[in-house]
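To keep things clear, I will list the structure first and then write my remarks on it.
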Amino acid sequence: MKQFKEMFVAQLKLTFREKQAWFWGIFFPVILMTIFMVIFSGSSDNEFSAKVAIVDENPNPGSQMMLQQISQIPVLEVKNGKPVTREIAEELVKDQEVHAAIVLPEGEDATSILLVVNRENEQGVTTQALSGMLNNLVQQANLTAVGATPTYELQFESITSGSNEINYTDFLLTGMIALAIAQGGMFGMVDLVEMRRKGLIKRLRMTPANMNIFGLSDMVMRLLFSIIQIILLSLIGVLIFGANLYINFPSLLIVFLLGALSFNALGYFFSSFSKTSEAYMGVANIFSFIMMFLSGIFFPIETMPEWIQPISNILPLTYFVEGLRESMVYSTSVFSSSLWFGIGIMVLWGAVTFLIGSFLYKRKSIVAAR
Amino acid sequence: MTVLEVKHLKKSFGSIHAVQDISFEVNAGEVFTIIGPNGAGKTTTLEMIEGLVSPDSGEIRFGELDWNNHGNTIKKKIGVQPQSSAMFDLLTPEENLNLFATFYDKARPTEEILQLINLTDHRNNHVKKLSGGQRQRLAIGLAMISDPDIIFLDEPTTGLDPQARRNIWDIILQLKELGKTTILTTHYMEEAEKLSDRVCIVDQGKIVTLDTPAALIEKLTEEREVRLSFLDGTDAAKEVCLFAKDLDSVTRTERKDRSLKLWSTDPENTLYSLFGFTKEKNYHVEQVSIREMSLEDVFITFTGKEWRD
Numbered sequence: 001m002k003q004f005k006e007m008f009v010a011q012l013k014l015t016f017r018e019k020q021a022w023f024w025g026i027f028f029p030v031i032l033m034t035i036f037m038v039i040f041s042g043s044s045d046n047e048f049s050a051k052v053a054i055v056d057e058n059p060n061p062g063s064q065m066m067l068q069q070i071s072q073i074p075v076l077e078v079k080n081g082k083p084v085t086r087e088i089a090e091e092l093v094k095d096q097e098v099h100a101a102i103v104l105p106e107g108e109d110a111t112s113i114l115l116v117v118n119r120e121n122e123q124g125v126t127t128q129a130l131s132g133m134l135n136n137l138v139q140q141a142n143l144t145a146v147g148a149t150p151t152y153e154l155q156f157e158s159i160t161s162g163s164n165e166i167n168y169t170d171f172l173l174t175g176m177i178a179l180a181i182a183q184g185g186m187f188g189m190v191d192l193v194e195m196r197r198k199g200l201i202k203r204l205r206m207t208p209a210n211m212n213i214f215g216l217s218d219m220v221m222r223l224l225f226s227i228i229q230i231i232l233l234s235l236i237g238v239l240i241f242g243a244n245l246y247i248n249f250p251s252l253l254i255v256f257l258l259g260a261l262s263f264n265a266l267g268y269f270f271s272s273f274s275k276t277s278e279a280y281m282g283v284a285n286i287f288s289f290i291m292m293f294l295s296g297i298f299f300p301i302e303t304m305p306e307w308i309q310p311i312s313n314i315l316p317l318t319y320f321v322e323g324l325r326e327s328m329v330y331s332t333s334v335f336s337s338s339l340w341f342g343i344g345i346m347v348l349w350g351a352v353t354f355l356i357g358s359f360l361y362k363r364k365s366i367v368a369a370r
Numbered sequence: 001m002t003v004l005e006v007k008h009l010k011k012s013f014g015s016i017h018a019v020q021d022i023s024f025e026v027n028a029g030e031v032f033t034i035i036g037p038n039g040a041g042k043t044t045t046l047e048m049i050e051g052l053v054s055p056d057s058g059e060i061r062f063g064e065l066d067w068n069n070h071g072n073t074i075k076k077k078i079g080v081q082p083q084s085s086a087m088f089d090l091l092t093p094e095e096n097l098n099l100f101a102t103f104y105d106k107a108r109p110t111e112e113i114l115q116l117i118n119l120t121d122h123r124n125n126h127v128k129k130l131s132g133g134q135r136q137r138l139a140i141g142l143a144m145i146s147d148p149d150i151i152f153l154d155e156p157t158t159g160l161d162p163q164a165r166r167n168i169w170d171i172i173l174q175l176k177e178l179g180k181t182t183i184l185t186t187h188y189m190e191e192a193e194k195l196s197d198r199v200c201i202v203d204q205g206k207i208v209t210l211d212t213p214a215a216l217i218e219k220l221t222e223e224r225e226v227r228l229s230f231l232d233g234t235d236a237a238k239e240v241c242l243f244a245k246d247l248d249s250v251t252r253t254e255r256k257d258r259s260l261k262l263w264s265t266d267p268e269n270t271l272y273s274l275f276g277f278t279k280e281k282n283y284h285v286e287q288v289s290i291r292e293m294s295l296e297d298v299f300i301t302f303t304g305k306e307w308r309d
């Protein structure tokens, strides 16, 4: 016990004196999260809106009715607040002063309503939305014209698996926490490569020091560092960017512990075949990069091309970040089977890489039985 | 009393036979030095004795103890300073010593070690800021923290300046005074000659010779090199050279202008005869010297001078 305490204190000093650990473990995730939050959550606060120009060259009861309905749609902003001539409207579209011009029916008998957009925006989301709205308008006008009431109407409702809704800030915050812990594990084991290269492991093996206790104190230190990461990122996310967390602590504890251990196992595996720290960093970087973009850290996996999704579905980080979202945002209970399925795949990664890593270490007799 | 006994050690790494057949005994309280060219198998031999590498065959005994049955007991009895002075660079010397102290049941006070290795002034600097000599002294300090009876020092002075080397010599001599047994490897013959009670020369994985430094030098001194030079010019040198060649004790001569080199099995009598001859001829001798033999000569004689790489 005394040995553990002294070793832990030494690990603590080693970590706190290593500037690199602070930069990559604390400073970097904070900066990255801030950048992403500023870029992406800013736009999601503003609702969809579009500027349009209205052309009503021949006012008539039909066009009046439509004009009134259009001006009641809150997301449409009518340029100048009143109809303009067709020439002016087309000029405005060409100069992209407005997104589109809506040409209302020119007389009682005219049956078409025209949407004029700039060719550059022809395929844009705003154009799609506008044409959808106008379609709706025309449909209603048609129904009114024949005096019918709609038989079907569309109702809209969103559901989630949990009790709380996730917004992008929560999504990104949990993603960044997962990424920081995963990278801590995958990059952190570079110490082991350095210790081996400098002969420090050999040196310790010449003493009666218990290497298991040494490993344990190292692991406890890493977990502590990750807890600092979670707390710091959560505080910044909640206090500065207004993320909403509904934490289920037992679930979080399990996801965190197993996740941190699994990714440290991954790092341990990398260290078992890397002779230099450069080689190690290369391997860790490749894995970290693939996972960073394919595991739904910044964007949901569902938004990615379908052929990539199977890759995402085998990566451990996918399940770690899912587990963190379950436990930190949806407050899913420890007894949820979907939670354990994800954890299972992640732990499988950890266990397999740990076993291969140990085997490689043994084979090179770096950790001899003696 | 024998504290360490090594018998017929063998170790190969693939096709390289690093250690082919090494046997020796080390007595309590002596400084036992292993010297040899690079790649001679010194470090492999030490690592086998230190329990890091298991030998292919052979026996290592620390008194009644051996690695297979008493690994942990041996680790407590020995202190090791490996060639790569491995320690925690971000800890201070004091913290390193304290940490290593917890590995053992009993340890010497850190303060005492710091004084012995003369690092009290640098106790609070991070190890990465220490100089090569200071690091090396700390490595020796770490080897001594458990107050071991046997201390292994693997090339403790390699790469150090003359001052730092002498500091380390002082520490080794202090260890000897404390009654510790030291097993040392080095490249410096001067060091081996000054510090060792016995020297073992290893080459190509085998022991080529083992004895006290004085005895090893003695073995070589059957023939000594004598140098003379004359004030009276080349002719005098020529004549003395002819005279010397006729002496029984002189095996070889070499002359260049006014100076003469000769090799004699009995330098004292050779010089007596030569001075008799110069006195008779009235030649004036400017300089005369007999070359001192050192362990380096022994080393070169046994291991040869050819390129090894």
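Chains as they are written, first to last, in this note's numbering: chain A, 1 to 370; chain B, 1 to 309. Every residue gets a Cβ at the ideal spot worked out from N, C-alpha and C, and that includes glycine.
Item to check | CA-to-CA distance, D297 (chain B) to E237 (chain B), given in whole angstroms | outcome: Per the sequence shown, the amino acid found at residue 237 (chain B) is Ala instead of Glu. Approximately 28 Å, taken between the alpha carbons.
Checklist entry - Residue range of the alpha helix (DSSP H) that V98 (chain A) falls in? => result Per DSSP, V98 (chain A) belongs to no alpha helix (DSSP H) and is neither H nor E.
Next on the checklist: By the three-class DSSP mapping on this structure, what secondary structure does L284 (chain B) have?
Outcome noted: It should be noted that the sequence gives His, not Leu, for residue 284 (chain B). Correct three-state label for H284 (chain B): coil.
Item to check | Cβ-based neighbour list, I290 (chain B), same chain, cut-off 6 Å, excluding 5 preceding and 5 following | outcome: If we look at I290 (chain B) and ignore the five residues flanking it on each side, its Cβ neighbours are R224, V226, P267.
Item to check | G79 (chain B), enclosing beta strand (DSSP E) - first and last residue | outcome: 78-81
Checklist entry - Just how far apart, CA to CA, sit K256 (chain B) and L160 (chain B)? => result 39 Å
Checklist entry - DSSP three-state call for G162 (chain A): helix, strand or coil? => result Reliability of the predicted coordinates at G162 (chain A) is poor, the pLDDT of 48 falling under 50, and the value obtained from them is presented with this limitation in mind. In this structure, G162 (chain A) counts as coil in the three-state DSSP scheme.
Item to check | Pair within 8 Å by beta-carbon distance, S313 (chain B) and L247 (chain B) | outcome: Nothing in the structure corresponds to residue 313 (chain B), since chain B is present only between 1 and 309.
Checklist entry - Using a beta-carbon distance below 8 Å, is L172 (chain A) in contact with chain B? => result no
Checklist entry - For A244 (chain B), which option in B:L262, B:Q174, B:D235 has the closest C-alpha, if you only look at C-alpha atoms? => result Nearest to A244 (chain B) by C-alpha distance, out of B:L262, B:Q174, B:D235, is B:L262.
Checklist entry - Is Q229 (chain A) helix, strand or coil by DSSP? => result Reduced to three states, the DSSP call for Q229 (chain A) is helix.
Item to check | Supposed contact pair A279 (chain A) and G350 (chain A) - C-beta distance, whole angstroms, cut 8 Å | outcome: Between A279 (chain A) and G350 (chain A) the Cβ distance is about 22 Å, and since that is not below 8 Å, they are no contact.
Checklist entry - Where M1 (chain A) and S196 (chain B) are concerned, what is the direct C-alpha to C-alpha distance, given to the nearest angstrom? => result 42 Å
Item to check | Cut-off 7 Å between Cβ atoms - residues of its own chain near R258 (chain B), not counting five sequence neighbours on either side | outcome: Excluding sequence neighbours, R258 (chain B) sits near S229, F230, G233, T234, A237.
Checklist entry - With C-beta atoms as the reference, is K192 (chain A) less than 8 Å away from S271 (chain A)? => result The residue you asked about is not Lys; residue 192 (chain A) is Leu in the sequence shown. Against a cut-off of 8 Å, the Cβ pair of S271 (chain A) and L192 (chain A) comes out as a contact.
Checklist entry - If you draw a straight line from the alpha carbon of F241 (chain A) to that of M37 (chain A), how long is it in whole angstroms? => result 7 Å
Checklist entry - For V288 (chain B) versus A40 (chain B), is the C-beta distance shorter than 8 Å? => result No. Outside cutoff.
Item to check | Contacting residues, own chain, Cβ-Cβ under 7 Å from L216 (chain B) (five flanking each side not counted) | outcome: V199, T209, L295, V298
Checklist entry - Once you ignore the five residues that flank S262 (chain A) on each side, which residues in its own chain have a CB closer than 7 Å to its CB? => result The answer, listed in chain order, is P316, M346, V347, W349, G350.
Item to check | Sequence-distant residues of its chain with Cβ nearer than 6 Å to F100 (chain B) (five each side left out) | outcome: L142, I145
Next on the checklist: Using 8 Å as the threshold, is the C-beta distance between T45 (chain B) and L9 (chain B) below it?
Outcome noted: Contact check for T45 (chain B) against L9 (chain B) passes: the beta carbons are separated by less than 8 Å.
Checklist entry - Going along chain A in order, which residues have a C-beta closer than 7 Å to the C-beta of N72 (chain B)? => result Contact of N72 (chain B) with chain A by beta-carbon distance below 7 Å involves P208.
Checklist entry - Got a sec: which bits of the region 7-18 of chain A sit with their beta carbon under 8 Å from any beta carbon on chain B, in order along the chain? => result M7, A10, K13, L14, R17, E18
Checklist entry - What separation, rounded to the nearest whole angstrom, lies between the Cα atoms of W340 (chain A) and A182 (chain A)? => result Going by C-alpha positions, W340 (chain A) is about 18 Å away from A182 (chain A).
Checklist entry - Along chain A, in chain order, which residues have C-beta atoms closer than 8 Å to that of F88 (chain B)? => result A10, L14, L200
Next on the checklist: So for G323 (chain A), helix, strand or coil by DSSP?
Outcome noted: helix
Next on the checklist: If the cut-off is 7 Å on Cβ atoms, which residues from the region 178-204 of chain A count as contacting chain B, listed in chain order?
Outcome noted: K198, G199, L200, K202, R203
Checklist entry - Using the rule of at least 16 other Cβ atoms within 10 Å of the residue's Cβ for burial, across every protein chain shown, is V281 (chain B) buried or exposed? => result Checking the displayed sequence, the identity of residue 281 (chain B) turns out to be Lys instead of Val. Its Cβ having fewer than 16 others within 10 Å, K281 (chain B) is exposed.
Checklist entry - Going straight from the alpha carbon of L114 (chain A) to that of A284 (chain A), what length do you get? => result 56 Å
Checklist entry - What is the rounded straight-line gap between the Cα of T303 (chain A) and the Cα of F269 (chain A)? => result 31 Å
Next on the checklist: Taking 7 Å as the cut-off, is the C-beta of N72 (chain B) nearer than that to any heavy atom in the ligand FAD?
Outcome noted: Although the ligand FAD was asked about, the structure shown includes no ligands whatsoever.
Next on the checklist: Only counting the same chain, and skipping five residues up and downstream in sequence, which positions put a Cβ closer than 8 Å to that of H126 (chain B)?
Outcome noted: D89, L90, L91, T92
Checklist entry - From H99 (chain A) to E57 (chain A), what distance separates their C-alpha atoms? => result Distance from the CA atom of H99 (chain A) to the CA atom of E57 (chain A), rounded to whole angstroms, is 20 Å.
Checklist entry - When burial is assigned at 16 or more other CB atoms within 10 Å of the CB, is A18 (chain B) buried or exposed? => result Classification for A18 (chain B): buried.
Checklist entry - Taking the Cβ atom as the reference point for each residue, do I70 (chain A) and I54 (chain A) lie within a distance shorter than 8 Å? => result yes
Next on the checklist: Output needed for W67 (chain B): all residues of its chain with C-beta closer than 8 Å, excluding positions within five of it in sequence on either side, in chain order.
Outcome noted: G51, S54, I60, I74
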